[in-house]
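Quick note: our numbering has the sequence shown finishing at residue 249, numbered continuously throughout.
Taking it in order: structure first as structure tokens, then the write-up.
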Amino acid sequence: MKKLCYLLIFAVLFFLFTLLNPAFSGDEKTVDSQGTNEKKAVSELSDITGQEYFYEDMGEIEEEQDISDPFEPVNRVFFQFNDRLYFWGVKPLCKAYNKVMPEKARRGIKSFFSYVNTPVRAANCILQGKFKGFVREVARFIINTTAGCLGFRDAAFEDYHIEKNQEDFGQTLGFYGIGFGPYLVIPLIGPSSIRDGVGRFADAFAYVPNYYMDFWASSGRSAFEVVNEVSLELGEYESFKETAIDPYVSIRQAYYQYRKKQVEK
-15 MKKLCYLLIF
-5 AVLFFLFTLL
5 NPAFSGDEKT
15 VDSQGTNEKK
25 AVSELSDITG
35 QEYFYEDMGE
45 IEEEQDISDP
55 FEPVNRVFFQ
65 FNDRLYFWGV
75 KPLCKAYNKV
85 MPEKARRGIK
95 SFFSYVNTPV
105 RAANCILQGK
115 FKGFVREVAR
125 FIINTTAGCL
135 GFRDAAFEDY
145 HIEKNQEDFG
155 QTLGFYGIGF
165 GPYLVIPLIG
175 PSSIRDGVGR
185 FADAFAYVPN
195 YYMDFWASSG
205 RSAFEVVNEV
215 SLELGEYESF
225 KETAIDPYVS
235 IRQAYYQYRK
245 KQVEK
């Protein structure tokens, strides 16, 4: 209960701050010609499907806009850190993991993590007034609990074509008109923004396992989820980098466009 009170106080203060701070209404900026070329490079990734990363479904790049990036020097340092962590740590670990864990099992684990995240999606559907989406999430949860063997198979989609809703609290804030705020690159996590960072914090309160795990157990679960997720998509980040003139700018723009599309849905 105390955590919920802290969250509500924090959310109210953040909401007031965004209303009074003009920086949160000026998320978009015009990019130069180099940025235009990088968007064309990003659009070449439109044939990649089945992933949940921010650079998916980038076939339709909109007008030349970009997220505000006043912290670019620091963000670039963190980008390099995450990039090296991927190539020196995560990728080798994923390759080893792939050798001992069959792909079918890894996809089942991915489905289970998505299943456990149902309350987060359902709660944000309600907060955005998307009641049909809420009903779909409830239906998916019931079907995947039973026919899907506790979520290890996405029976709701495979058998009944009921798709999950990609909703989170960052999108909920955007739904109510709160802008992205400055772009952030978070160590160990990757691209984000002030708004989506707050959203991550809020979503943690709707993620049920957090109430049964201590910090270390929760961190281990998160690390395992990342390794399992990336193991199914090895090579896609490398392909993305190869098409980009400046990978940092391309990823920033891809992230902005992807999140903007999610809010507009």
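Glycine is no exception: its CB is placed at the ideal position from the N, C-alpha and C atoms.
DSSP state of residue i mapped onto helix, strand, coil
i      : result
Gly174 : strand
Asp50  : strand
Ile146 : coil
Pro76  : helix
Asn59  : helix
Leu69  : helix
Glu213 : helix
Pro86  : coil
Leu157 : helix
Pro6   : With a pLDDT of only 44 at Pro6, under the threshold of 50, the placement of this residue in the model should not be trusted; the figure read from the coordinates follows. If DSSP states are grouped into helix, strand and coil, Pro6 belongs with the helices.
Asn101 : coil
Lys94  : helix
Glu248 : helix
Bridge partner(s) assigned by DSSP for residue i
i      : result
Tyr167 : Ser177
Inter-residue Cα distance where the pair is residue i and residue j
i      : j      : result
Ser223 : Ile173 : 20 Å
Thr20  : Ile162 : Residue confidence for Thr20 is low, a pLDDT of 41 falling below 50, so the modelled location carries little weight and cannot support an answer.
Asp50  : Thr227 : 19 Å
Phe108 : Thr156 : According to the sequence provided, residue 108 is Asn. The question's Phe does not apply to it. About 6 Å.
Phe159 : Ser52  : 19 Å
Gly92  : Asn212 : 10 Å
Val58  : Val119 : 42 Å
Lys245 : Ser176 : 15 Å
Glu209 : Ile229 : 30 Å
Tyr240 : Ala89  : 32 Å
Ala190 : Tyr196 : 12 Å
Ile235 : Asp67  : 12 Å
Phe164 : Gly73  : 30 Å
Leu134 : Asn128 : 6 Å
Glu248 : Ile126 : 28 Å
Ile166 : Val192 : Note on identity: in this sequence residue 166 is Pro, with Ile being the wrong assignment. Distance between the alpha carbons of Pro166 and Val192 is about 30 Å.
Gly113 : Val169 : 30 Å
Asp198 : Arg105 : 23 Å
Lys148 : Leu111 : 16 Å
His145 : Asp187 : 26 Å
Pro103 : Ser206 : 17 Å
Val84  : Pro54  : 44 Å
Pro231 : Ala131 : 42 Å
Lys225 : Pro86  : 27 Å
Lys94  : Phe115 : 26 Å
Alpha helix (DSSP H) runs contained entirely in the stretch 111 to 141, provided each spans 4 or more residues | 115 to 130
Quick check: the stretch 171 to 186 against the stretch 138 to 156, are there 3 or more CB pairs under 8 Å?
-> yes
Counting pairs of Cβ atoms below 8 Å between the stretch 191 to 204 and the stretch 126 to 145, do you hit three or more?
-> no
With contact counted as at least three CB pairs below 8 Å, one residue from each stretch, are the stretch 68 to 83 and the stretch 207 to 227 in contact?
-> By the Cβ test, the stretch 68 to 83 is in contact with the stretch 207 to 227, since at least three Cβ pairs between them sit closer than 8 Å.
Do the stretch 56 to 68 and the stretch 97 to 111 make contact, defined as three or more Cβ pairs closer than 8 Å?
-> Touching, no, given that fewer than three Cβ pairs across the two stretches are closer than 8 Å.
Complete runs of the alpha helix (DSSP H) confined to the stretch 187 to 246 [at least 4 residues] | Here the runs fully enclosed are 199 to 215 and 220 to 226.
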